[in-house]
Amino acid sequence: MTNIQTRCDGIFLGHIIASKFDVSCHMALQLSESLLELKRFDGPNIISRYLYLNHTKKYDFGETMKFVYQNLKDKIKHYDEHSSISREDFLFDQSIIDETVKLTDKKLGGYTAGCGPVHRSFPLALCPWIDDDDLFNISKKEATLTHFNPLAGQVAGIVNLICRSLLKNATWHDAVQSAFSTPSLHTELGDVYYRYSRWSTPSKNIHSAYAPTVLQQALHYVTTSHNITEVIEKAKVDRNVYCLPIIGVLSGALWGIPLNMYKDKANDVLLKSIRDTANKLSKQWTSKYESVNV
């Protein structure tokens, strides 16, 4: 039986290795820091961290996040290009965030069912203070900080539920089955569940970054492989790059990550920070079980 610390470490390592240290690693770290600091989900606090990261770093955050950032930045009082902005300046009421996300969805013609949320929100699954029964809905809430289309949040919720089950040593089959038994899933996710074990391609191809598409790809590659190296190679051969961060998360939770996949980057600052975060989250589980035993 694999312990929680190994699985937490594997999830973070798998994510950073498969995604090649992309922007979702930095966003997952920001989400983790908020969760560890507050010991609860706080939407305005989390989005303020995403926005400040967007403001201070030159990463490619994608079209949806770009619109959200620009719109909310324009709401900062007394802002101009020469003024200094802190993270606290990006703290907005939830109603303003919701309004901005709806406006963004309208600007993008309703195309906000992308894979950004599922790439970044896996730390929610590693928080013991988020109950199993609440994890799916909180995952959806996290997604709506940037993506209005409910499919983005439902896909994130599915992956996070699978991670939570694997964290508790469920089998791969049982973890997937349990996640897809969530009530009121979108019909497209039912189609993903029907197809994933046989095909990596969806029944209808909308966009390569469409959340249900990347979910089906990730589930298929993990199901038909034996380790993370094999999974990543299959995705690369098919040129399905948007599923790589999810592959990393699921593979890390299922198999763990061998040392030879990251030993050449052992001194990387981001990698060290992420592993430290994984360790902090795993210790929260230890504390929880010790409290129960007492």
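First residue of the sequence shown: 1456, per the numbering used here; consecutive thereafter.
Backbone N, C-alpha and C fix where the C-beta goes; we use that ideal spot for every residue, glycine too.
| Item | Value |
| --- | --- |
| For glycine 1608, count neighbouring Cβ atoms within 10 angstroms of its own Cβ and tell me buried if that reaches 16, exposed if not. | buried |
| Report yes or no: do three or more beta-carbon pairs, one from the segment 1488 to 1496 and one from the segment 1555 to 1568, lie closer than 8 angstroms? | no |
| Is it true that the CB of leucine 1484 sits closer than 7 angstroms to the CB of glycine 1707? | no |
| Mapping DSSP to helix, strand and coil, what is tyrosine 1651? | coil |
| Need the endpoints of the alpha helix (DSSP H) that asparagine 1500 sits in, please. | 1498 to 1511 |
| Ordered along the chain, which non-local residues of its own chain (more than five positions away) have a Cβ less than 8 angstroms from that of asparagine 1748? | Residue confidence for asparagine 1748 is low, a pLDDT of 41 falling below 50, so the modelled location carries little weight and cannot support an answer. |
| Assign lysine 1494 to buried or exposed, taking buried as 16 or more other Cβ atoms, counted over all protein chains shown, within 10 Å of its Cβ. | exposed |
| Identify which residue in Pro1499, Leu1621 and Leu1640 has its Cα closest to the Cα of arginine 1542. | Pro1499 |
| For arginine 1619, which residues of its own chain have a beta-carbon under 7 angstroms away from its beta-carbon, when the five flanking residues on both sides are left out? | Ala1580, Asp1587 and Leu1590 |
| In three-state terms, what does DSSP make of glycine 1564? | coil |
| Ordered along the chain, which non-local residues of its own chain (more than five positions away) have a Cβ less than 7 angstroms from that of leucine 1726? | Ile1471, Tyr1717 and Lys1720 |
| With DSSP as the reference, label tyrosine 1676 as helix, strand or coil. | helix |
| For tyrosine 1507, I'd like the list of residues in its chain whose CB is within less than 6 angstroms of its CB, leaving aside the five on either flank, ordered along the chain. | Arg1542 and Phe1545 |
| Output the distance between the C-alpha atoms of isoleucine 1424 and threonine 1679, rounded to the nearest integer angstrom. | Not covered by the structure: residue 1424. The range shown for the chain is 1456 to 1749. |
| Which same chain residues end up closer than 8 angstroms to alanine 1625 when comparing Cβ atoms and leaving out the 5 residues on each side of it in sequence? | Ser1633 |
| Are the Cβ atoms of valine 1647 and leucine 1616 separated by less than 7 angstroms? | no |
| Return the first residue and the last residue of the alpha helix (DSSP H) that tyrosine 1524 is part of. | 1517 to 1528 |
| For the alpha helix (DSSP H) containing leucine 1484, name the first residue and the last one. | 1478 to 1493 |
| Relative to the C-alpha of threonine 1601, which residue among Ile1613, Pro1572 and Ser1538 is closest? | Pro1572 |
| Among residues of its own chain, excluding the 5 on either side of glutamine 1460, which ones have a beta-carbon nearer than 6 angstroms to its beta-carbon? | Ser1737 |
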